[in-house]
Each structure stands twice: as structure tokens, then as C-alpha cells.
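Residue numbers (the numbering used here): 1 to 144.
All C-beta atoms in this analysis are idealised placements derived from N, C-alpha and C, irrespective of residue type, glycine included.
Small disclaimer: the values here were computed from a predicted structure and weren't measured.
Note sheet for the following structure.
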Amino acid sequence: MGRSRGGFSTKIHLKTDWAGDPLGFHLTGGEVSDSPHFETLLDLGPDITPRAAVGDKGYDAKANRQAARSRGICPAIPYRTTTKDKPKFFPKALYRGRARIEQTMGKLKRFKRVALRCEKTDVNYGSFVALALSFILIKSVHTT
Numbered sequence: 001m002g003r004s005r006g007g008f009s010t011k012i013h014l015k016t017d018w019a020g021d022p023l024g025f026h027l028t029g030g031e032v033s034d035s036p037h038f039e040t041l042l043d044l045g046p047d048i049t050p051r052a053a054v055g056d057k058g059y060d061a062k063a064n065r066q067a068a069r070s071r072g073i074c075p076a077i078p079y080r081t082t083t084k085d086k087p088k089f090f091p092k093a094l095y096r097g098r099a100r101i102e103q104t105m106g107k108l109k110r111f112k113r114v115a116l117r118c119e120k121t122d123v124n125y126g127s128f129v130a131l132a133l134s135f136i137l138i139k140s141v142h143t144t
């Protein structure tokens, strides 16, 4: 996917529910910005309407916030430090849920083939990511 001086690099954009169970993912090159792929993440997964979209500062854009609001979703995306005219209110309680997403990413990176990106093609790498996410989902269902 992405190419850098160190070799191939790939970003995994992950969509989870509030409990941290994976719903879908999207792969991009490592050097590509996060922001343009926000709407793709909103469309991924089962046909449910989420109440909130939680993301990191990489997804900070007016277009992303507007896309979420047009679908009836509350965007909980922090503003970059360079952003002008920041609103005073920020949904901190919703943003705390981002820890679940990061924990799911940590579980995903425990799989050696996903963490090291042993596969050259994006189709093969995406297949291993899907397999690892299915193992995470099965384990979360059977341990609760």
C-alpha cells in the first residue's frame, strides 16, 4: 500500500461499537491523511445508525463534522491546536470511549502478521486483518 524509506506502511482505519467490538475496517497507505477516509468509515459495517463518531485529531475537518451531523451522528473529534474558532464545548464523556477503540487496535497488533505486515499485497494483508478481527470478535463474545 504505502511506501516509505523504511518499506511498506499501512494504516488501519477501524470502526468499532461502544464496547470495542470491531464492525469494519479500511486500509490506506501509511503516508495518506486520515481525514478523507472519515466518510468511508461511517459507511462501513452493519446497517445501523450510530449516535456518536469518535476519532482522533487526524479526522479534524469541518467536512467530517458536517458529514457526521448530516447523518444524525454527534462527532466527538478533538480540534487540532492550530484550529481557529474552537467551540467551548467538547463532548469529553463521549471522547473517553476512544480508549476502547485503542484497546481493540492493541489487541489487533498482538497478531504478529498484522503488526509486522508480512504480506506484500493489500488484499492478502486485508485478509489477515479481517481474520485477526474475527478472532477478537469471537473471543469477546465467548468471554462475556
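- [ ] Return the chain-ordered list of same chain residues with a C-beta closer than 7 Å to the C-beta of residue 111, the five sequence neighbours on each side being excluded.
- [x] Counting from one through the sequence shown, the residue named residue 111 turns up at place 111. Excluding positions up to five away in sequence, the list reads 132.
Task: Span of the beta strand (DSSP E), counted from its first residue to its last, around residue 27 - done: Along the sequence shown, read from residue 1 onward, the residue named residue 27 stands at position 27. Run containing residue 27: 22-29, per the beta strand (DSSP E) assignment.
TODO: Sort out for me which residues DSSP pairs residue 179 with in a bridge.
DONE: Beyond the ends of the chain as shown, which are 1 and 144, falls residue 179; an answer cannot be given.
Open item on the list: Here's the rule: buried if 16 or more other CB atoms are within 10 angstroms of the residue's CB, otherwise exposed. What is residue 19?
Closed with: Numbered from 1 along the sequence shown, position 19 holds the residue referred to as residue 19. Answer is exposed; the Cβ neighbour count stays below 16.
Task: Check whether residue 56 and residue 80 have beta carbons under 8 Å apart - done: The residue labelled residue 56 in the question sits at position 56 within the sequence shown. The residue labelled residue 80 in the question sits at position 80 within the sequence shown. Their beta carbons are not under 8 Å apart, which means residue 56 does not touch residue 80 by this criterion.
TODO: Check the DSSP bridge columns for residue 53 and list the partner residues they point to.
DONE: Here residue 53 is taken as the residue at index 53 of the sequence shown, counted from 1. Looking at the DSSP assignment, residue 53 forms a beta bridge with 75.
Task: residue 125 vs residue 10 beta-carbon contact at 8 Å - done: Locating residue 125 in the sequence shown gives position 125, where the first residue counts as 1. Locating residue 10 in the sequence shown gives position 10, where the first residue counts as 1. Yes.
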